[in-house]
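**Student:** Before we start, here is the structure in question, set down as structure tokens.
Number of protein chains: 2
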Amino acid sequence: MTTDDLMTRALETLGDDGPLSVEAIHRVTGPSDVSEPMTIAEVADLLDVSPHTLRYYERAGLVEVARDGNGHRVYDAGAVRRLVFLTRMRLSGMPMRELREYVSLVDEGEHTTPERLGMLVEHRDAVRRRIRELTLSLAAIEYKIATYGGSTGPDVRVLDPAAS
Amino acid sequence: MTTDDLMTRALETLGDDGPLSVEAIHRVTGPSDVSEPMTIAEVADLLDVSPHTLRYYERAGLVEVARDGNGHRVYDAGAVRRLVFLTRMRLSGMPMRELREYVSLVDEGEHTTPERLGMLVEHRDAVRRRIRELTLSLAAIEYKIATYGGSTGPDVRVLDPAAS
DNA sequence: TCTTGCGTTCGAGCGCGCTCCAAGCCCTAG
DNA sequence: CTAGGGCTTGGAGCGCGCTCGAACGCAAGA
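If you read the protein sequences in the order shown, they are chains A and B.
Sequential numbering from 1 applies to the first sequence in UniProt numbering.
Sequential numbering from 1 applies to the second sequence in UniProt numbering.
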């Protein structure tokens, strides 16, 4: 296991029930030492994605990466920061298409800031909805585990209609 | 919009911050009037999936559905209950492969109960992890929105290194 | 009667996000 | 000198979960 990546470390940092304090978010949003240029393997390790995926993101136009004398990729602080952002968005379910759109807005300059903010807000809402959906499913799964009788549906009614 | 499906209704029922009380879970796990046989369109509507998807699940061996005189599918209470379960598991991210495995365990009989329970527990843990992951991403997204300066990375350090 | 609409089947197609392959280059260790 | 390992490229391949197309059947309504 590559237990060294950002997300894993952040999750461990927070423990099992962190209230997501401001400091926690600080740790989450910026724990890496973005200073020295990194190789593709190092970045892959940091972000817990494969080098393949990093090249794929570059080909998709999501990030520009310089090359050293041997033609090898060199990820500077800016590239790493962008990839941290990109992988976080991917992990939270933003499709590649939107990411491409977002990045092209960034490339267009300052005046697209409102639009970008709009995308972020929209994605935030989508993530919130997804969390609520999962939370609901989780409750149902836990309920099923607690009352497990087999078959695909020990339906509630069967057990205790009076409880409501 | 098909606002009538189970999940949507459950989400509305809970409001925006429900503590997931027992009654809430009752409502979530068994709100449908499973009594009369249903047509494919009705089930699709109930579960907010397409008829295509229902046929696909059947082809995949996840559920058996009877036919009426015209060869049309007739979903009885058992089939509907199973499909409620299946779509909930799908929605919470269980892959088709595992669902097939689960169902085949059900078909094998009572003695596979422990194994099925194990699968549920494993899935429950996966859902919990996913929720935590999303919650973390959400915090980062909210942070970015709150401090939005443009570019792909107003990195924390840039803003207030002293805050930690 | 004829059209409309909902259903059926089987098989093919598709969008997504990687993931891998093949051929080649460069550097280092043995 | 050679072998190994890590990197490069463009393009092809893949697994997943649907989603759709084509050809057809049946039944109710204009």
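Using N, Cα and C, we set each Cβ at its ideal position, and we do this for glycine too.
Is any beta-carbon of chain B found at less than 8 Å from that of Pro-140 of chain A?
**Tutor:** Counting from 1 along the first sequence, the entry for residue 140 of chain A is found at position 140. The sequence given here places Ala at residue 140 of chain A; Pro does not occur at that position. Residue-level contact by beta carbon holds for Ala-140 of chain A and chain B, with a gap shorter than 8 Å.
**Student:** Would you list the one or two residues that DSSP bridges to Val-74 of chain A?
**Tutor:** Translated into the one-based positions of the first sequence, residue 74 of chain A becomes position 74. Its beta-bridge partners are A:Ala-66.
**Student:** Would Ile-145 of chain B count as contacting chain A if we go by Cβ distances under 8 Å?
**Tutor:** Here residue 145 of chain B refers to the residue found at position 145 of the second sequence. Answer yes: the Cβ-Cβ gap between Ile-145 of chain B and chain A drops below 8 Å somewhere.
**Student:** When we look at the beta-carbon of Val-22 of chain B and count the other beta-carbons within 10 Å, is it buried (16 or more) or exposed?
**Tutor:** Locating residue 22 of chain B in the second sequence gives position 22, where the first residue counts as 1. Unreliable placement is indicated for Val-22 of chain B, whose pLDDT of 49 sits below 50; no coordinate value is reported for it.
**Student:** Rounded to whole angstroms, what is the Cα-Cα separation between Val-65 of chain A and Val-121 of chain B?
**Tutor:** Numbered from 1 along the first sequence, position 65 holds the residue referred to as residue 65 of chain A. Numbered from 1 along the second sequence, position 121 holds the residue referred to as residue 121 of chain B. The alpha-carbon atoms of Val-65 of chain A and Val-121 of chain B are separated by roughly 43 Å.
**Student:** Indicate whether at least one CB of chain A lies closer than 8 Å to the CB of Met-38 of chain B.
**Tutor:** By 1-based counting over the second sequence, the position of residue 38 of chain B is 38. Closer than 8 Å: no.
**Student:** Where does Met-94 of chain A sit, in a helix, a strand or coil, going by DSSP?
**Tutor:** Position 94 of the first sequence, counted from the first residue, corresponds to residue 94 of chain A. Here Met-94 of chain A carries a coil assignment [DSSP, helix/strand/coil].
**Student:** Measure the C-alpha to C-alpha separation of Thr-39 of chain B and Asn-70 of chain B and round it to an integer number of angstroms.
**Tutor:** For the purposes of this step, residue 39 of chain B is taken as the residue at position 39 of the second sequence. For the purposes of this step, residue 70 of chain B is taken as the residue at position 70 of the second sequence. Using only the alpha carbons, I get a separation of about 12 Å.
**Student:** Give the DSSP-derived three-state secondary structure of Ser-21 of chain A in the structure shown.
**Tutor:** For the purposes of this step, residue 21 of chain A is taken as the residue at position 21 of the first sequence. Because Ser-21 of chain A sits at a pLDDT of 48, beneath the cut-off of 50, its placement in the model cannot be relied upon, and the point is left open.
**Student:** Taking C-beta pairs closer than 7 Å, name the residues in chain B that His-123 of chain A reaches, listed in chain order.
**Tutor:** To locate residue 123 of chain A, count along the first sequence from 1; it is residue 123. Those within 7 Å of His-123 of chain A in chain B are Ile-141.
**Student:** Between the segment 98-109 of chain A and the segment 135-145 of chain A, do three or more beta carbon pairs fall short of 8 Å?
**Tutor:** no
**Student:** Assuming Val-63 of chain B contacts Leu-86 of chain B (C-beta within less than 8 Å), just tell me the rounded distance between them.
**Tutor:** For the purposes of this step, residue 63 of chain B is taken as residue 63 along the second sequence, with counting starting at 1. For the purposes of this step, residue 86 of chain B is taken as residue 86 along the second sequence, with counting starting at 1. Right, the Cβ-Cβ distance comes to about 7 Å (below 8 Å), so this counts as a contact.
**Student:** Can Arg-129 of chain A and Ser-137 of chain B be called in contact, C-beta distance under 8 Å?
**Tutor:** Along the first sequence, read from residue 1 onward, the residue named residue 129 of chain A stands at position 129. Along the second sequence, read from residue 1 onward, the residue named residue 137 of chain B stands at position 137. Result no, Cβ atoms of Arg-129 of chain A and Ser-137 of chain B do not sit closer than 8 Å.
**Student:** Using the DSSP secondary-structure output, state which residues sit across from Met-38 of chain A in a beta bridge.
**Tutor:** The residue labelled residue 38 of chain A in the question sits at position 38 within the first sequence. Its beta-bridge partners are A:Tyr-75.
**Student:** Going along the chain, which residues of its own chain have a beta-carbon closer than 6 Å to the beta-carbon of Val-84 of chain A, five neighbours each way excluded?
**Tutor:** Here residue 84 of chain A refers to the residue found at position 84 of the first sequence. Result list for Val-84 of chain A: empty, nothing under 6 Å.
**Student:** Assuming contact is defined by CB atoms lying nearer than 8 Å, are Asp-48 of chain B and Met-7 of chain B in contact in what I supplied?
**Tutor:** Taking the first residue of the second sequence as position 1, residue 48 of chain B is located at position 48. Taking the first residue of the second sequence as position 1, residue 7 of chain B is located at position 7. Yes; because the gap between Cβ atoms is below 8 Å, this pair is in contact.
**Student:** Apart from the five residues just before and just after Asp-5 of chain A, which ones in its own chain have a Cβ nearer than 8 Å to its Cβ?
**Tutor:** Start at 1 with the first residue of the first sequence, and residue 5 of chain A comes out as number 5. Only Asp-45, Leu-46, Leu-47, Asp-48 meet the Cβ criterion.
**Student:** For Tyr-57 of chain B, which of helix, strand or coil comes out of DSSP?
**Tutor:** Reading the second sequence from its first residue, position 57 is the one you call residue 57 of chain B. Helix.
**Student:** Using a Cβ-Cβ cut-off of 7 Å (strictly less than) and excluding sequence neighbours within five positions of Tyr-102 of chain A, which residues of its own chain qualify?
**Tutor:** What you label residue 102 of chain A is simply residue 102 of the first sequence in a count that begins at 1. Here the set comprises Arg-116, Met-119.
**Student:** Quick one: list the residues of chain A neighbouring Val-127 of chain B, beta-carbon separation under 9 Å, in chain order.
**Tutor:** Here the question's residue 127 of chain B lines up with position 127 in the second sequence. What Val-127 of chain B touches in chain A: Leu-134, Thr-135, Ser-137, Leu-138, Ile-141.
**Student:** State yes or no: is the beta carbon of Met-119 of chain A nearer than 8 Å to at least one beta carbon in chain B?
**Tutor:** To locate residue 119 of chain A, count along the first sequence from 1; it is residue 119. Not an interface residue.
**Student:** Can you find a C-beta in chain B that's less than 8 Å from the C-beta of Leu-6 of chain A?
**Tutor:** Here residue 6 of chain A corresponds to residue number 6 of the first sequence, with the count starting at 1. It does not; no Cβ of chain B falls within 8 Å.
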